[in-house]
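Accompanying notes for the structure given below.
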Amino acid sequence: MSTNTQNQPTLDPAATLDDRFCAAIRVVVPDLPDDQVKAHIGPSRQPKFGDFQSNCAMPIAKRVGMKPRDLAAKIIEAIDVSGIAQPLSEESIAGPGFINVSLLPEALGSALGALDSDELGITPPAHPKTIVVDVCGVNLAKQMHVGHLRSTVIGDAIARVQERLGHCVKRQSHVGDWGRPIAMVVEELAVMEDAGTDLSTISLAELNAIYKVVGAKCKAETKALEIIMKVGGHAKAEIELEERIADADAAMDKAKARLVALQSGDERSVRLWQLIYDITMTACLATCQRLNTNITDEHSAGESTYRDELGPLVQDLIDRKIAVEDDGALVVRCEGIKEPTIIRKRDGGFLYATTDLAAIKRRVGKLGGDEVVYCVDSRQGLHFKQVFAAAHKAGYDKNASGTDAVLVHTMFGTIFGEDNKPLKSRSGENLNLSDLLDEAVARASASVAEKNPDMPESERQPISEAVAMAAVKYADLSTERIKDYVFSFDRMLAFEGDTGPYMLYAIARVKNMLRKAADKGVDVDAAKNAEFSMADPAERALALMVLRYPTIIQATGDNHEPHRLCGYLYELASLFAKFYEQCPVLKDGVDESTRDGRLRLSMLALRVLQDGCNTLGIPTVERM
RNA sequence: GCCCCGAUAGCUCAGCUGGAUAGAGCAGCGGACUUCUAAUCCGCAGGUCGAAGGUUCGAAUCCUUCUCGGGGUGCCA
Numbered sequence: 185m186s187t188n189t190q191n192q193p194t195l196d197p198a199a200t201l202d203d204r205f206c207a208a209i210r211v212v213v214p215d216l217p218d219d220q221v222k223a224h225i226g227p228s229r230q231p232k233f234g235d236f237q238s239n240c241a242m243p244i245a246k247r248v249g250m251k252p253r254d255l256a257a258k259i260i261e262a263i264d265v266s267g268i269a270q271p272l273s274e275e276s277i278a279g280p281g282f283i284n285v286s287l288l289p290e291a292l293g294s295a296l297g298a299l300d301s302d303e304l305g306i307t308p309p310a311h312p313k314t315i316v317v318d319v320c321g322v323n324l325a326k327q328m329h330v331g332h333l334r335s336t337v338i339g340d341a342i343a344r345v346q347e348r349l350g351h352c353v354k355r356q357s358h359v360g361d362w363g364r365p366i367a368m369v370v371e372e373l374a375v376m377e378d379a380g381t382d383l384s385t386i387s388l389a390e391l392n393a394i395y396k397v398v399g400a401k402c403k404a405e406t407k408a409l410e411i412i413m414k415v416g417g418h419a420k421a422e423i424e425l426e427e428r429i430a431d432a433d434a435a436m437d438k439a440k441a442r443l444v445a446l447q448s449g450d451e452r453s454v455r456l457w458q459l460i461y462d463i464t465m466t467a468c469l470a471t472c473q474r475l476n477t478n479i480t481d482e483h484s485a486g487e488s489t490y491r492d493e494l495g496p497l498v499q500d501l502i503d504r505k506i507a508v509e510d511d512g513a514l515v516v517r518c519e520g521i522k523e524p525t526i527i528r529k530r531d532g533g534f535l536y537a538t539t540d541l542a543a544i545k546r547r548v549g550k551l552g553g554d555e556v557v558y559c560v561d562s563r564q565g566l567h568f569k570q571v572f573a574a575a576h577k578a579g580y581d582k583n584a585s586g587t588d589a590v591l592v593h594t595m596f597g598t599i600f601g602e603d604n605k606p607l608k609s610r611s612g613e614n615l616n617l618s619d620l621l622d623e624a625v626a627r628a629s630a631s632v633a634e635k636n637p638d639m640p641e642s643e644r645q646p647i648s649e650a651v652a653m654a655a656v657k658y659a660d661l662s663t664e665r666i667k668d669y670v671f672s673f674d675r676m677l678a679f680e681g682d683t684g685p686y687m688l689y690a691i692a693r694v695k696n697m698l699r700k701a702a703d704k705g706v707d708v709d710a711a712k713n714a715e716f717s718m719a720d721p722a723e724r725a726l727a728l729m730v731l732r733y734p735t736i737i738q739a740t741g742d743n744h745e746p747h748r749l750c751g752y753l754y755e756l757a758s759l760f761a762k763f764y765e766q767c768p769v770l771k772d773g774v775d776e777s778t779r780d781g782r783l784r785l786s787m788l789a790l791r792v793l794q795d796g797c798n799t800l801g802i803p804t805v806e807r808m
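Written as structure tokens, this is what we have:
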């Protein structure tokens with residue numbers, strides 16, 4: 185909790201209490217060093233302990249050789265909580281020396297009033313940072329599969345949180361659009377075209393099939409060699425294997441030749457490559473859009489865009505003796521990392537570490553990144569450790585102002601199937617992401633229809649789509665990203681408990697309430713300025729949770745951990761549900777001022793829920 | 001071999017950066033619908049926080065060692 189040194193009124197009661205407690209501590213222990221003056225204010229775990237607690241007495245008492253409860257008593261004597269909290273007494277001290285604080289209803293109301301603005305209490309930073317976020321990372325000629333789900337969904341959420349905090353975010357999708365595998369597909373398309381095939385109608389699924397075939401051809405070489413080693417001289421097998429190797433060699437030679445042609449700008453090769461690029465990206469960006477992520481064509485930064493930068497970059501590293509030859513390859517060795525970073529193969533080819541170094545250089549130097557966040561699978565841990573260290577050694581992480589950019593790998597775990605193995609289709613192949621989303625929508629649609637038998641198809645369809653995306657995304661975002669998780673339609677779409685649909689339901693209920701209010705002739709606009717009613721514990725609990733929103737957004741951003749925001753929104757939605765049950769708003773017998781106060785609280789909670797969902801990239805609905 | 005990550009209720013997960021009696025959801029049992037939308041709410045039951053030491057007034061949280069599981073580890077990305 186930061187100390188608010190300026191004497192401004194603040195939205196956050198916790199910050200105000202922090203100031204008051206710190207002031208009291210300075211009076212009671214005048215010679216305490218500044219860095220030890222900490223109020224340790226936090227929300228109470230249980231309502232019976234009040235709204236907030238200060239844990240300052242224990243550590244300071246230890247320091248000055250007092251009993252914690254005695255020190256707490258002195259702090260209570262010295263503190264001024266007027267205008268913010270109920271007067272403190274002996275009774276406020278509990279356990280080893282906790283000081284429990286209950287806010288004055290009017291203080292709670294005015295804090296809510298201050299939060300009730302467009303910004304919802306989140307103030308723009310004095311010095312906005314430029315944050316580059318590496319997301320998605322699809323490969324040409326391949327359909328998006330579940331492996332791309334997390335990088336896309338989590339990466340976009342991380343980006344959105346930083347945008348919400350007021351930073352300048354630049355998404356970058358490191359598209360795998362270069363290298364021999366792509367050249368092989370280009371080669372294959374050339375052969376097909378020569379045979380008279382019309383390539384103008386080719387689909388991504390077909391490209392994907394071609395990719396698999398040519399990929400298998402390429403692998404035949406190594407596979408065959410492995411088998412020879414095992415089997416030894418078996419005449420028949422040898423002949424067969426020799427044929428396979430010959431085939432593979434031929435395929436490989438053609439691919440290599442095609443890559444050279446492509447790299448040297450051969451017109452036909454480039455045209456076919458562009459065809460593959462367009463087909464792939466059109467489909468993948470459509471899926472990104474369907475997932476309600478803000479990832480578009482302008483964010484694509486394919487490996488091919490670095491191709492002219494790799495040679496000079498490697499030469500620079502050689503000239504400055506940062507890269508050295510080792511067993512024919514060119515490597516960068518970094519302190520504390522055993523494995524060297526290989527940036528050029530023995531045959532002269534570059535590797536993904538080379539491209540990633542060029543990417544860091546561009547992202548920090550050209551894009552001005554103060555921070556570069558890589559939302560990539562945890563198995564790339566060593567790779568990024570190496571690349572970050574190598575970039576630092578070369579000074580590629582130094583931005584225009586001469587400071588080192590922060591490079592972070594926000595890694596995430598694997599999605600498992602019910603069998604606790606990485607999620608695959610029944611045939612053992614990568615599960616197509618569009619198919620997965622289609623199934624989620626179909627299941628959501630069945631549930632929506634069940635709950636709303638009279639809803640016309642035209643209305644049900646978009647709702648089902650939003651519910652399905654919310655379910656899939658929330659399931660992915662709501663657990664700690666480093667952990668693996670088991671994918672389960674049943675759980676994420678169960679519509680009970682900690683799920684996306686639960687959040688959407690809470691929102692739909694408030695929306696419905698507002699529609700009902702308008703139907704009844706209630707002046708909803710007038711209620712926007714009503715006094716908050718804080719009589720009921722359920723209202724109070726909801727209000728306190730609403731007030732925590734800015735702090736949660738900040739913590740979510742600081743750690744790049746969207747699950748923190750999910751957890752908060754679930755608690756908020758849950759407290760709203762309790763409030764909804766216990767505090768009638770529009771029902772008969774509710775007086776006008778209570779009604780308007782509750783209406784205003786509902787609307788504020790709604791806006792926080794919607795803002796939170798939007799910050800995570802979770803779509804919401806008007807009704808469900 | 002070395003390195004990284006994980007282990008919390010029967011299951012799936014939180015635990016606010018060291019604070020009070022470790023919390024949710026699912027599954028189980030029992031309640032609340034002529035509804036401001038029951039896709040909800042209330043109650044009951046369920047845990048030596050992988051193990052052992054250590055630091056601390058105070059440890060699921062920090063340190064050390066170990067066990068189990070996953071991943072990575074020089075020319076694929």
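For the first sequence, my numbering begins at 185 and goes up steadily by one.
Backbone N, C-alpha and C fix where the C-beta goes; we use that ideal spot for every residue, glycine too.
Between A575 and L551, the C-beta gap is not smaller than 8 Å, which leaves the two residues out of contact. Under the DSSP assignment, T477 falls outside any beta strand (DSSP E); it carries neither an H nor an E label. With a cutoff of 8 Å on beta-carbon distance, E649 and V670 are scored as not near each other. In the DSSP annotation of this structure, the continuous segment of the beta strand (DSSP E) that includes K354 starts and ends at 352 to 357.
No Cβ-Cβ contact shorter than 8 Å links G360 with E482.
Under a 10 Å Cβ-count criterion, S384 is classified as exposed, with fewer than 16 other Cβ atoms of the shown protein chains found around its own Cβ.
In the three-state scheme derived from DSSP, where H, G and I count as helix and E and B as strand, V319 is classed as strand.
When the five nearest sequence neighbours on each side are left out, the beta carbons in the same chain lying within less than 6 Å of the beta carbon of L292 are those of M718, A727, in order along the chain.
Straight across, the Cα-Cα distance linking P289 with E723 is about 11 Å. Here V444 has no same chain residue with a Cβ atom under 8 Å from its own Cβ, once five neighbours each way along the sequence are excluded. For S238, the three-state secondary structure derived from DSSP is strand. As far as DSSP is concerned, Y733 takes part in no beta bridge. Exclusion of the five residues before and after E372 leaves I394, V397, V398 as the residues of its chain whose Cβ lies within less than 8 Å of its Cβ. Beta-bridge partners of S484 (DSSP): S357. Listed as beta-bridge partners of G226 by DSSP are Q237. Excluding the 5 residues flanking it on each side, K251 has same chain C-beta neighbours closer than 7 Å at A245, in chain order. Between A374 and R452, the C-beta gap is smaller than 8 Å, which places the two residues in contact. T314 carries a strand assignment under DSSP once its states are collapsed to helix, strand and coil. Within the model, the alpha-carbon separation for A578 versus I506 is close to 7 Å. Contact annotation, P312 with C352: C-beta distance approximately 6 Å; criterion of less than 8 Å satisfied. Nearest neighbour of L333 by Cα position, chosen from A379, R546, E274, C472, turns out to be C472.
In this structure, DSSP gives E555 an extended state, which the three-state scheme calls strand.
Within the stretch 534 to 579, the complete beta strand (DSSP E) segments at least 3 residues long are 555 to 558, listed from N- to C-terminus. Taking the CA atoms as reference points, L535 sits about 6 Å from I527. For I691, the enclosing alpha helix (DSSP H) has its first and last residue at 684 to 703.
In the DSSP assignment, I526 is bridged to V515. Separation of Q645 and N636 (C-alpha to C-alpha, rounded to the nearest whole angstrom) is 12 Å. Around Y754, the same chain offers D682 as residues with beta carbons nearer than 6 Å, after the five sequence neighbours per side are excluded. The beta carbon of L615 sits closer than 7 Å to those of H329, V330, L607, K608, S609, all from its chain and outside the five residues before and after it, given in chain order. Distances from the alpha-carbon of G553 to those of H567, Y580, V571 put Y580 closest. For the 8 Å CB-CB criterion, V516 and L497 do not form a contact.
Look at K605 here: in three-state DSSP terms it is coil, with no helix or strand label. Note on N323: 16 or more other CB atoms within 10 angstroms of its CB, so buried under the neighbour-count rule. Taking all protein chains shown into account, V248 has fewer than 16 neighbouring C-beta atoms within 10 Å of its C-beta and is therefore exposed.
Rounded to whole angstroms, the gap between the alpha carbons of S629 and L296 is 38 Å. With distances taken between CA atoms, L759 lies nearest to S786 out of S786, Y658, G601.
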